[in-house]
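Chemist: This is the structure I have questions about; it appears just below.
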Amino acid sequence: MITVSNARKQYGTFTALDDVSVEIPRGSLTALLGPSGSGKSTLLRSIAGLEGLDSGVVTIAGRDVTKEPPQRRGIGFVFQHYAAFKHMTVRDNVAFGLSIRKRPKAEIARKVDDLLEIVGLEGFQHRYPAQLSGGQRQRMALARALAVDPEVLLLDEPFGALDAKVRADLRTWLRRLHDEVHVTTVLVTHDQEEALDVSDRIAVLNRGRIEQVGDPVTLYDRPANDFVMGFLGSVATLGDQLVRPHDIVLTRDRAVALAEDAKVPGSPGVIEAVVERVVRLGFEVRVELRADSGERFAAQITRRDAFDLELHTGETVFARAAHRSSVIEIDPALAI
Amino acid sequence: MNTSATTRIGLRTIALGYLLVLIGLPIGVILYRTFEPGLATFYASISTPAAISALNLSLLIVGIVVPINVVFGVFTAIALVRWRFPGRGVLQAVVDLPFAVSPVVVGVALIMLWGAGGWFGAIEGTGFRVIFGLPGMVIATIFVTLPFVVREVEPVLHEIGEDQEQAASTLGASRWQTFWRITLPAIRWGLTYGVVLTVARALGEFGAVIMVSSGFPGVSQTLTLLVHARYIDDHNTYGAYAAATLLMGIALLVLLLMTVLDRKRSDR
Ligand SMILES: Nc1ncnc2c1ncn2[C@@H]1O[C@H](COP(=O)(O)OP(=O)(O)OP(=O)(O)O)[C@@H](O)[C@H]1O
Ligand SMILES: [Mg+2]
């Protein structure tokens, strides 16, 4: 388990971490999610000891490590740009932490073999990092971090430098690895899909503050505020509320729409809108609409519903929020 | 572009002629004059006690200067690239100073500082001679060769960044272990190149050294001073040629080494 309490970090007059407190449960895979510059790396590097906090306390596995250097925090760290030791073979890279710890040669050899197998680099042990692909390099970096049996594994956008396909593969692979190894893991990412996909908990950061912490389903369905809602998925403005486009129901008949809407407490009501464009995206159809008020929004409906509705540009429909959809009141202070 | 054959040949002739007159001819003349009377004469001239002593002194100075420059050069480069401290900008500028200041001025400055009546001149009273002794020549040589290691290592440190060093620290390596296992191997080609340049310059240094050396043959003459003394003071033209050839031979060896290392470096 990792706890961070009241962490503060200033760069000059700029506040990178503003009284951040967060708990990362033992054995979990927690994602630190937030836009660029929100302080994710700063928080992760403070946990690792690569960055010093101005104030606040960090504990790892019950031990106060706030004053400890990275060497004595029991961590494994994976950098976005691999940080491979270029002059060492894959084998020596992975063995580095163990050889620093002066473990017996036989033990190092055995452990490195095991790890190379786990990360699928058995045949590559005598290569140099320059002879590996990005994905292979990052798997080597993971093996290297895992070799020292870290208490916690810290990953700073580990797949950020890879292309989309490799990224998705590695993500799945990481999830499986975590299920096998069970080491407490913190993953920094600005990609909400990645966070929803691999992690069992997400902490959303914004401007150096934690906005919400919870499991992916809770965050997606019950976001604490419109920032979290907007960051975890697309949103549409319906009346004075925010709704997910796939939670918008379109009807031709005003009476039916009103009757259904009456069953949803706290709903944004029924909005009359004109169809501006219908975009077919394979399985889904995106309907771009303009409300009476002039506000533009988009609804995401299934192919079948679109077929039944027979929508055409210029026609009028009635939009409402579906049952049990996530709805957030727009904070007037934040509205532009 | 379509340059006529005559233009091309003309340009080539000018370029080659320029190099020949400015570099080829002087070297050629020295080599010709040196070997004209035969190898035995040449050998006799470079194996006089004064010549051997000059060679030894030059190599001794190189042997002292290089390790000092390596240690301080690497340390300074790391400080300049990795650390933030007040006065970093000043240090950055000071490192280049030896390139800008004429060696003769360096010599004069050293005399004013360490010579009798200088700021640190009192040290002479203790029997430790800086000016007109080996320490003076070493200090002068360090001064003129100081930038080489720093300026060769600095860009390499920049290029490799801090990631590898930080990764090593998260894996448990102390600063010292990180330096030996990660930083040093990463900068080794830049460092080698800096050392080679330092050696070449230290061997060839004349202006600063002549100011602070007593210049006694067989005692405090470096190879460059020997060439100078033989030619100007002794009117021993042949001896000057022979000593110059020896100096060139060593410099050539260093240059060759540098080229080989450079090739190795670009192979990686
Ligand atoms: N060494 C530094 N000096 C000054 N400001 C810094 C420094 N490091 C980070 N910052 C600032 O602190 C803020 C948070 O940086 P951080 O690297 O934690 O962001 P991040 O959430 O990881 O963003 P990204 O997704 O772009 O990596 C940024 O606005 C950045 O400009
Ligand atoms: Mg970052």
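As given, the protein sequences belong to chains R and Y, one line each in that order. First residue of the first sequence? That's 1 in full-length UniProt numbering, and the numbers climb one at a time after it. First residue of the second sequence? That's 1 in full-length UniProt numbering, and the numbers climb one at a time after it. By construction, the Cβ of each residue, glycine as well, lies at the ideal position given by its N, Cα and C atoms. Given the structure is predicted, the values throughout are model-derived calculations rather than measurements.
For a contact meaning CB atoms closer than 7 angstroms, what does Ile-100 (chain R) contact in chain Y?
Modeler: Here the question's residue 100 (chain R) lines up with position 100 in the first sequence. Residues of chain Y passing the Cβ test: Leu-171, Gly-172, Ala-173, Gln-177.
Chemist: Thinking C-alpha only, which one of R:Val-4, R:Gly-294, R:Pro-69 is nearest Arg-175 (chain Y)?
Modeler: For this step, residue 175 (chain Y) is matched to residue 175 along the second sequence. Ranking R:Val-4, R:Gly-294, R:Pro-69 by Cα distance to Arg-175 (chain Y) puts R:Pro-69 first.
Chemist: Please decide whether Ile-187 (chain Y) counts as near chain R, where near means a Cβ-Cβ distance under 8 angstroms.
Modeler: Position 187 of the second sequence, counting from 1, holds the residue named residue 187 (chain Y). Not one chain R Cβ lies under 8 angstroms of Ile-187 (chain Y).
Chemist: Counting Cβ pairs, one atom from each stretch, are 3 or more of them under 8 angstroms apart for the segment 132-140 of chain R and the segment 62-76 of chain R?
Modeler: The answer is no - the segment 62-76 of chain R does not touch the segment 132-140 of chain R, with fewer than three Cβ pairs under 8 angstroms.
Chemist: Tell me which residues share the same chain as Gly-56 (chain R) and place their Cβ nearer than 7 angstroms to its Cβ, disregarding the 5 neighbours each side in the sequence.
Modeler: Counted from its first residue, the first sequence places residue 56 (chain R) at position 56. Cβ within range, chain order: Val-4, Ser-5, Asn-6, Ala-7, Arg-8.
Chemist: Just checking: is the beta-carbon of Ile-182 (chain Y) within a distance shorter than 8 angstroms of some beta-carbon in chain R?
Modeler: Working through the second sequence from its first residue, we reach residue 182 (chain Y) at position 182. Interface residue, yes.
Chemist: Using a Cβ distance threshold of 8 angstroms, determine whether the segment 95-102 of chain Y contacts the segment 175-193 of chain Y, with at least three qualifying pairs required.
Modeler: No: fewer than three Cβ pairs fall under 8 angstroms.
Chemist: Return yes when at least one heavy atom of ligand 1 lies under 7 angstroms from the C-beta of Gly-118 (chain Y), else no.
Modeler: Within the second sequence, numbered from 1, the residue matching residue 118 (chain Y) stands at position 118. No, Cβ of Gly-118 (chain Y) sits at least 7 angstroms from all heavy atoms of ligand 1.
Chemist: Whole angstroms are fine: how far does the CA of Val-209 (chain Y) sit from the CA of Gly-218 (chain Y)?
Modeler: On the second sequence, position 218 is the one that residue 218 (chain Y) refers to. On the second sequence, position 209 is the one that residue 209 (chain Y) refers to. The alpha-carbon atoms of Gly-218 (chain Y) and Val-209 (chain Y) are separated by roughly 16 angstroms.
Chemist: What's the gap between the Cα of Ala-335 (chain R) and the Cα of Ser-293 (chain R)?
Modeler: By one-based count along the first sequence, residue 335 (chain R) stands at place 335. By one-based count along the first sequence, residue 293 (chain R) stands at place 293. Annotation note: pLDDT 43 at Ala-335 (chain R) (below 50); position unreliable, no value reported.
Chemist: Anything in chain Y within Cβ reach of Pro-70 (chain R), meaning under 7 angstroms, just list it in chain order.
Modeler: For the purposes of this step, residue 70 (chain R) is taken as residue 70 along the first sequence, with counting starting at 1. Chain Y residues near Pro-70 (chain R): Ser-169, Thr-170.
Chemist: Any chance you could list the residues with Cβ under 5 angstroms from a heavy atom of ligand 1, keeping chain order?
Modeler: Qualifying residues, in the order they occur: R:Tyr-11, R:Ala-16, R:Ser-36, R:Gly-37, R:Ser-38, R:Gly-39, R:Lys-40, R:Ser-41, R:Thr-42, R:His-190.
Chemist: Should Ala-48 (chain R) be flagged as near chain Y, meaning a C-beta pair shorter than 8 angstroms?
Modeler: As a first step, residue 48 (chain R) is located in the first sequence; it is residue number 48 there, counting from the start. Taking Cβ atoms only, chain Y reaches closer than 8 angstroms to Ala-48 (chain R), which makes this a yes.
Chemist: According to DSSP, which residues form a beta bridge with Lys-9 (chain R)?
Modeler: To locate residue 9 (chain R), count along the first sequence from 1; it is residue 9. BP columns for Lys-9 (chain R) point to R:Leu-17.
Chemist: With respect to 7 angstroms, is the separation between the Cβ of Val-188 (chain R) and the closest non-hydrogen atom of ligand 2 below this value?
Modeler: Taking the first residue of the first sequence as 1, we reach residue 188 (chain R) at position 188. It does: the Cβ of Val-188 (chain R) is within 7 angstroms (strictly closer) of some heavy atom of ligand 2.
Chemist: Name the two residues that bound the continuous alpha helix (DSSP H) containing Asp-92 (chain R).
Modeler: On the first sequence, residue 92 (chain R) is found 92 positions in, with the first residue counted as 1. It spans 90-100 - the alpha helix (DSSP H) in which Asp-92 (chain R) sits, taken as one unbroken run.
Chemist: Roughly how many angstroms lie between the CA atoms of Val-166 (chain R) and Val-78 (chain R), to the nearest whole one?
Modeler: Here residue 166 (chain R) refers to the residue found at position 166 when the first sequence is read from its first residue. Here residue 78 (chain R) refers to the residue found at position 78 when the first sequence is read from its first residue. Each residue's Cα considered, the two are about 17 angstroms apart.
Chemist: How would you call Pro-86 (chain Y), buried or exposed, if buried means at least 16 neighbouring beta carbons within 10 angstroms?
Modeler: The sequence position of residue 86 (chain Y) within the second sequence is 86, counting from 1. It is exposed - the Cβ of Pro-86 (chain Y) has fewer than 16 other Cβ atoms within 10 Å.
Chemist: So is Leu-261 (chain Y) in contact with chain R if we call contact Cβ pairs under 8 angstroms?
Modeler: Counted from its first residue, the second sequence places residue 261 (chain Y) at position 261. Leu-261 (chain Y) does not count as touching chain R.
Chemist: What's the C-alpha gap between Phe-35 (chain Y) and Ser-45 (chain Y)?
Modeler: Working through the second sequence from its first residue, we reach residue 35 (chain Y) at position 35. Working through the second sequence from its first residue, we reach residue 45 (chain Y) at position 45. So the two alpha carbons sit approximately 11 angstroms from each other.
Chemist: Does the Cβ-Cβ distance between Ala-298 (chain R) and Val-287 (chain R) come in under 8 angstroms?
Modeler: Along the first sequence, one-based indexing puts residue 298 (chain R) at 298. Along the first sequence, one-based indexing puts residue 287 (chain R) at 287. In contact: Ala-298 (chain R) and Val-287 (chain R) (Cβ atoms closer than 8 angstroms).
Chemist: So, helix, strand or coil for Thr-66 (chain R), using DSSP?
Modeler: In the first sequence, counting from the first residue as 1, residue 66 (chain R) sits at position 66. Of the three classes helix, strand and coil, the one that applies to Thr-66 (chain R) here is coil, per DSSP.
Chemist: Name, please, each residue of chain R whose Cβ falls closer than 8 angstroms to the Cβ of Gln-166 (chain Y).
Modeler: For this step, residue 166 (chain Y) is matched to residue 166 along the second sequence. Near Gln-166 (chain Y) (Cβ distances below 8 angstroms), the residues of chain R are Leu-50, Pro-70, Phe-77, Phe-79, Ala-83.
Chemist: Can you check which of these residues, R:His-126, R:Thr-189, R:Ala-84, R:Ala-109, is closest to Met-140 (chain R) by C-alpha distance?
Modeler: As a first step, residue 140 (chain R) must be located in the first sequence, where it is residue number 140. Of R:His-126, R:Thr-189, R:Ala-84, R:Ala-109, the residue nearest in Cα terms is R:Ala-84.
Chemist: So what does Ile-2 (chain R) bridge to, in DSSP terms?
Modeler: Taking the first sequence and counting its residues from 1, one reaches residue 2 (chain R) at position 2. According to DSSP, which records beta bridges pairwise, Ile-2 (chain R) is partnered with R:Ile-24, R:Ile-60.
Chemist: Nearest chain Y C-beta to Val-279 (chain R) closer than 8 angstroms, yes or no?
Modeler: The sequence position of residue 279 (chain R) within the first sequence is 279, counting from 1. Not an interface residue.
Chemist: Can you tell which of Y:Phe-120, Y:Val-130, Y:Gly-215 has the C-alpha that lies nearest to the C-alpha of Ala-51 (chain Y)?
Modeler: Counting from one through the second sequence, the residue named residue 51 (chain Y) turns up at place 51. If we check each option's Cα against that of Ala-51 (chain Y), Y:Gly-215 comes out closest.
Chemist: Taking all protein chains shown into account, decide if Tyr-43 (chain Y) is buried (16 or more other Cβ within 10 angstroms of its Cβ) or exposed.
Modeler: Numbered from its first residue, the second sequence carries residue 43 (chain Y) at position 43. It is exposed - the Cβ of Tyr-43 (chain Y) has fewer than 16 other Cβ atoms within 10 Å.
Chemist: Just to confirm the assignment: which complete beta strand (DSSP E) runs, minimum length 3, are found wholly within the segment 223-301 of chain R?
Modeler: DSSP runs (the beta strand (DSSP E)) wholly in the segment 223-301 of chain R: 236-238, 241-243, 248-251, 271-281, 284-291.
Chemist: Are the segment 184-199 of chain Y and the segment 151-163 of chain Y touching by the rule of at least three beta carbon pairs closer than 8 angstroms?
Modeler: Yes, the segment 184-199 of chain Y touches the segment 151-163 of chain Y.
Chemist: DSSP three-state label for Phe-216 (chain Y), please.
Modeler: What you label residue 216 (chain Y) is simply residue 216 of the second sequence in a count that begins at 1. Here Phe-216 (chain Y) sits in coil by DSSP.
Chemist: Looking only at its own chain, which residues have a Cβ that is under 6 angstroms from the Cβ of residue 305 (chain Y), when we skip the five neighbours before and after it?
Modeler: Nothing about residue 305 (chain Y) can be reported from this structure: the residues present for chain Y run from 1 to 268 only.
Chemist: According to DSSP, Phe-318 (chain R) sits in a beta bridge with which residue or residues?
Modeler: Counting from 1 along the first sequence, the entry for residue 318 (chain R) is found at position 318. Answer is R:Thr-251, R:Glu-272.
Chemist: Our contact map puts Leu-205 (chain R) next to Leu-33 (chain R) with C-beta atoms below 8 angstroms; I'd like the distance itself, whole angstroms only.
Modeler: The residue labelled residue 205 (chain R) in the question sits at position 205 within the first sequence. The residue labelled residue 33 (chain R) in the question sits at position 33 within the first sequence. Between Leu-33 (chain R) and Leu-205 (chain R) the Cβ distance is about 7 angstroms, and since that is below 8 angstroms, they are a contact.
Chemist: Looking at the secondary structure, which residues open and close the beta strand (DSSP E) in which Gly-76 (chain R) lies?
Modeler: As a working note, residue 76 (chain R) is residue 76 in the first sequence. From DSSP, the beta strand (DSSP E) with Gly-76 (chain R) extends over 75-78.
Chemist: Taking only beta-carbon atoms, is Phe-159 (chain R) less than 8 angstroms away from chain Y?
Modeler: Working through the first sequence from its first residue, we reach residue 159 (chain R) at position 159. For Phe-159 (chain R), the answer is no, since every Cβ of chain Y falls outside 8 angstroms of its Cβ.
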